[in-house]
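Under UniProt numbering, the first residue of the sequence shown carries the number 1, and numbering increases by one thereafter.
We put the beta carbon where it would ideally sit given N, CA and C, even for glycine.
Have a look at the structure below, then the notes.
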Amino acid sequence: MNRFAQGSYAAAVLLLALAGCKREDAPQAPVAATPEAPAAPVEQGAAPADLRDVIENTPSYVIGISYPPAAAKYPGLAQELTQYAEHAKAELLKAVGELGNDKPTAPYELSLAFDMLADTSKVVAVSADGSSYTGGAHGQPLVARFVWLPERQKLLRAEDLIDGDKGWKAISDYAEDKLLEQATVRAQGEDLSPEEQQAQVRNLAKMIDEGTAPDAANFAQFQPVMDASGRISALRFVFAPYQVGPYSDGTQTVDVPAAALLPYVAADYRELFAQP
Numbered sequence: 001m002n003r004f005a006q007g008s009y010a011a012a013v014l015l016l017a018l019a020g021c022k023r024e025d026a027p028q029a030p031v032a033a034t035p036e037a038p039a040a041p042v043e044q045g046a047a048p049a050d051l052r053d054v055i056e057n058t059p060s061y062v063i064g065i066s067y068p069p070a071a072a073k074y075p076g077l078a079q080e081l082t083q084y085a086e087h088a089k090a091e092l093l094k095a096v097g098e099l100g101n102d103k104p105t106a107p108y109e110l111s112l113a114f115d116m117l118a119d120t121s122k123v124v125a126v127s128a129d130g131s132s133y134t135g136g137a138h139g140q141p142l143v144a145r146f147v148w149l150p151e152r153q154k155l156l157r158a159e160d161l162i163d164g165d166k167g168w169k170a171i172s173d174y175a176e177d178k179l180l181e182q183a184t185v186r187a188q189g190e191d192l193s194p195e196e197q198q199a200q201v202r203n204l205a206k207m208i209d210e211g212t213a214p215d216a217a218n219f220a221q222f223q224p225v226m227d228a229s230g231r232i233s234a235l236r237f238v239f240a241p242y243q244v245g246p247y248s249d250g251t252q253t254v255d256v257p258a259a260a261l262l263p264y265v266a267a268d269y270r271e272l273f274a275q276p
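Structure below.
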């Protein structure tokens, strides 16, 4: 992404943050919800969290962070979101501090938008997407997913979800095949000879193989795909730029259906998934 595009992205997030001041008057975009079971109320014994959008603009740096108001119902989740944002902000300010009396050729930028993906009585999901620019050709991508279980008041983490190495091997094989298919389709859409297309896919194959190795850390970012009854019909694994392809390929995803996951899902979490 060039600096013009980077700046435009930051501006867009800042505009979203400014708009957050008027969210109470504006209709909210719908998110997945369980028709029979409404979203869980505020966590027992806890007051709603104070999720305030952040806008800071100085000659040296620009920061724009926006939160979904609905996440404030879940103080534990809200804490996870703010901790992630504060860490990203601290890293940016550390880089600014290291400039000393020097001035950057362009302001350092942190653009981060959290969005509600699902809000049901059993599963709540939030995405975090943005970038942190501290010099160079483009910013460092920020990609994270948070899956909150209101009834248990805890995050659902990849290492807890899948039971054993066999499960990660199955997910790894599935994701690698789908990403190679996607890479082939992209190559076919470019103005390349068949030989050049094959060479491009071969070059990507190594990155895909390494980025989808059967390790929970490679699949730490995921979001649920919810069905009409509020069950998880698939998990969408999210791969940040550089993990399974070059920066220009952007964030990539693979949906693994519940039927393929269930044999390997830990017993404590199977009831969250749609049954075959």
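Per DSSP, the bridge partner or partners of residue i
i           : result
Trp168      : DSSP, once it has assigned bridges, lists no residue as partnering Trp168.
Pro141      : Ser131
Thr253      : Val238
Ile232      : Met226, Phe273
Phe146      : Val126
Lys154      : Leu149
residue 312 : One cannot answer for residue 312 here, as it falls past the ends of the chain, which runs 1 to 276.
Span of the alpha helix (DSSP H), counted from its first residue to its last, around residue i
i      : result
Arg93  : Per the sequence presented here, residue 93 reads as Leu, with Arg not at that position. 75-97 is the extent of the alpha helix (DSSP H) around Leu93.
Pro214 : Run containing Pro214: none; DSSP gives neither H nor E here.
Leu261 : 258-261
Pick from the options that is closest to residue i, judged by C-alpha positions
i           : options                        : result
Ala137      : Ala106, Val126, Gln83, Leu156  : Ala106
Pro68       : Lys154, Asn57, Glu210, Leu51   : Leu51
Tyr247      : Ala267, Leu204, Pro263, Ile162 : Leu204
Leu179      : Gly135, Val256, Gly167         : Val256
residue 285 : Val185, Val254, Asp163         : The first residue shown for the chain is 1 and the last is 276, placing residue 285 beyond what the model contains.
Ala158      : Asn101, Ile208, Phe222, Tyr108 : Phe222
Asp177      : Ser131, Val225, Asp209         : Asp209
Ala78       : Lys154, Thr212, Ala187         : Lys154
Arg202      : Pro224, Leu235, Val244, Pro59  : Val244
Ala267      : Asp163, Lys73, Thr120          : Asp163
Leu99       : Tyr61, Asp215, Ala216          : Tyr61
Asp115      : Gln198, Ala49, Ile65           : Ile65
Ala49       : Ala71, Thr58, Thr184, Glu190   : Ala71
Val185      : Asp249, Ser131, Phe237         : Asp249
Tyr242      : Trp168, Gly211, Leu149, Leu161 : Gly211
Asp102      : Val225, Gly135, Val54          : Gly135
Asp160      : Thr251, Ala216, Glu151, Ala187 : Ala216
Tyr133      : Glu151, Leu149, Ala95, Thr120  : Ala95
Arg231      : Ala199, Thr58, Ser121, Arg152  : Ser121
Pro224      : Ala213, Pro214, Val238         : Val238
Arg152      : Ile63, Gly76, Tyr108, Ile55    : Gly76
Pro59       : Asp227, Tyr108, Lys206         : Tyr108
Trp168      : Pro214, Pro276, Leu192         : Pro214
C-beta contact flag for residue i and residue j at 9 Å
i           : j      : result
Leu117      : Val126 : yes
Leu92       : Leu81  : no
Val123      : Leu261 : no
Lys166      : Tyr269 : no
Ala258      : Ser233 : yes
Phe219      : Ala175 : yes
Tyr74       : Trp148 : yes
residue 299 : Gln252 : Since the first residue of the chain shown is 1 and the last is 276, residue 299 is not available in this structure.
Ala128      : Phe146 : yes
Gln198      : Glu190 : no
Where the beta strand (DSSP E) through residue i begins and ends
i      : result
Ile65  : 61-66
Glu56  : 54-57
Ala71  : Note, Ala71: premise wrong, no beta strand (DSSP E); not H, not E.
Ala113 : 108-119
Check: residue i C-beta below 8 Å from any heavy atom of the ligand HEM
i      : result
Asp102 : This structure simply doesn't include the ligand HEM, nor any ligand for that matter.
Query raised in the report: On the three-pair Cβ rule with 8 Å, is the segment 130-146 touching the segment 79-90?
Result: The segment 130-146 is in contact with the segment 79-90.
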